[in-house]
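Scroll down for the structure; my scribbles are underneath it.
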Amino acid sequence: MKVGRLGFNSKTGRYGVLVSDLWENAGLNSGERIEWYDSNQEKWVADRIESIYPANNPDNWYLVESGIKGKNLEYLQVRLK
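Residues 52 to 132 (my numbering) are what the sequence shown spells out, left to right.
Given below as C-alpha coordinates:
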(Lines of atoms letter the chains of each structure in order from A and count residues from 1; the text may use other names and numbers.)
(Lines give C-alpha, C1' and ligand atoms only; values in the text may rest on other atoms or scores of the structure.)
Protein backbone atom coordinates (compact mmCIF):
# COMPACT_ATOMS: atom_id res chain seq x y z
CA MET A 1 0.00 0.00 0.00
CA LYS A 2 1.17 3.50 -0.83
CA VAL A 3 0.32 6.16 1.79
CA GLY A 4 0.45 9.87 1.01
CA ARG A 5 -1.59 13.04 0.76
CA LEU A 6 -3.89 14.28 -1.98
CA GLY A 7 -2.80 17.33 -3.92
CA PHE A 8 -4.07 18.94 -7.11
CA ASN A 9 -1.55 18.58 -9.93
CA SER A 10 -2.01 21.53 -12.28
CA LYS A 11 0.06 19.78 -14.99
CA THR A 12 -2.30 16.79 -15.22
CA GLY A 13 -5.47 18.65 -14.17
CA ARG A 14 -6.18 15.91 -11.62
CA TYR A 15 -5.71 15.13 -7.96
CA GLY A 16 -2.66 12.99 -7.32
CA VAL A 17 -0.90 11.45 -4.34
CA LEU A 18 2.15 13.12 -2.83
CA VAL A 19 4.69 11.28 -0.68
CA SER A 20 7.37 13.51 0.88
CA ASP A 21 6.44 16.29 -1.59
CA LEU A 22 7.02 14.01 -4.61
CA TRP A 23 4.28 12.67 -6.87
CA GLU A 24 3.74 8.98 -6.14
CA ASN A 25 0.74 9.10 -8.46
CA ALA A 26 0.63 12.27 -10.58
CA GLY A 27 -3.05 11.97 -11.49
CA LEU A 28 -5.85 9.77 -10.20
CA ASN A 29 -8.51 8.72 -12.69
CA SER A 30 -12.18 9.46 -12.19
CA GLY A 31 -13.72 6.42 -10.51
CA GLU A 32 -10.45 5.24 -8.96
CA ARG A 33 -10.74 3.50 -5.57
CA ILE A 34 -8.84 5.01 -2.65
CA GLU A 35 -8.93 4.90 1.13
CA TRP A 36 -8.71 8.07 3.20
CA TYR A 37 -7.92 8.41 6.88
CA ASP A 38 -10.73 9.76 9.07
CA SER A 39 -8.83 11.20 12.04
CA ASN A 40 -12.06 11.80 13.98
CA GLN A 41 -12.91 8.10 13.96
CA GLU A 42 -9.27 6.95 13.69
CA LYS A 43 -9.93 4.58 10.79
CA TRP A 44 -9.42 4.19 7.04
CA VAL A 45 -12.51 4.73 4.89
CA ALA A 46 -12.96 3.13 1.44
CA ASP A 47 -14.16 5.59 -1.20
CA ARG A 48 -13.69 6.55 -4.84
CA ILE A 49 -12.72 9.84 -6.41
CA GLU A 50 -14.80 11.36 -9.22
CA SER A 51 -14.95 14.61 -11.15
CA ILE A 52 -17.47 16.59 -13.11
CA TYR A 53 -16.65 18.51 -16.27
CA PRO A 54 -14.22 20.24 -16.54
CA ALA A 55 -11.96 17.90 -14.58
CA ASN A 56 -9.02 20.34 -14.65
CA ASN A 57 -10.71 22.47 -11.95
CA PRO A 58 -9.89 21.27 -8.41
CA ASP A 59 -13.37 22.32 -7.22
CA ASN A 60 -14.95 19.74 -9.56
CA TRP A 61 -13.43 16.70 -7.79
CA TYR A 62 -15.13 14.87 -4.91
CA LEU A 63 -15.21 11.62 -2.94
CA VAL A 64 -18.42 9.76 -3.77
CA GLU A 65 -19.30 7.97 -0.54
CA SER A 66 -18.12 10.61 1.94
CA GLY A 67 -19.14 13.73 -0.01
CA ILE A 68 -15.81 15.52 0.56
CA LYS A 69 -15.45 18.07 -2.24
CA GLY A 70 -13.01 20.40 -3.96
CA LYS A 71 -10.41 22.18 -1.90
CA ASN A 72 -11.30 20.01 1.13
CA LEU A 73 -9.50 17.15 -0.66
CA GLU A 74 -6.14 18.96 -0.43
CA TYR A 75 -3.73 17.24 1.96
CA LEU A 76 -6.22 14.50 2.86
CA GLN A 77 -4.23 11.43 3.93
CA VAL A 78 -4.92 8.57 1.52
CA ARG A 79 -3.62 5.14 0.66
CA LEU A 80 -3.67 3.23 -2.62
CA LYS A 81 -3.32 -0.47 -3.33
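Where a beta carbon is used, it is the ideal one built from N, C-alpha and C, also for glycine. Only a predicted model underlies this, so the values are computations on that prediction, with no experimental measurement involved.
| Query | Result |
| --- | --- |
| Residue range of the beta strand (DSSP E) that includes Ile100 | Lys94 to Ser102 |
| Boundaries (first-last residue) of the beta strand (DSSP E) holding Leu69 | Arg65 to Val70 |
| C-alpha distance - Gly55 paired with Tyr104, whole-angstrom precision | 26 Å |
| Cβ neighbour criterion (16 or more within 10 Å) applied to Tyr66 | buried |
| DSSP three-state assignment for Asn60, whether helix, strand or coil | strand |
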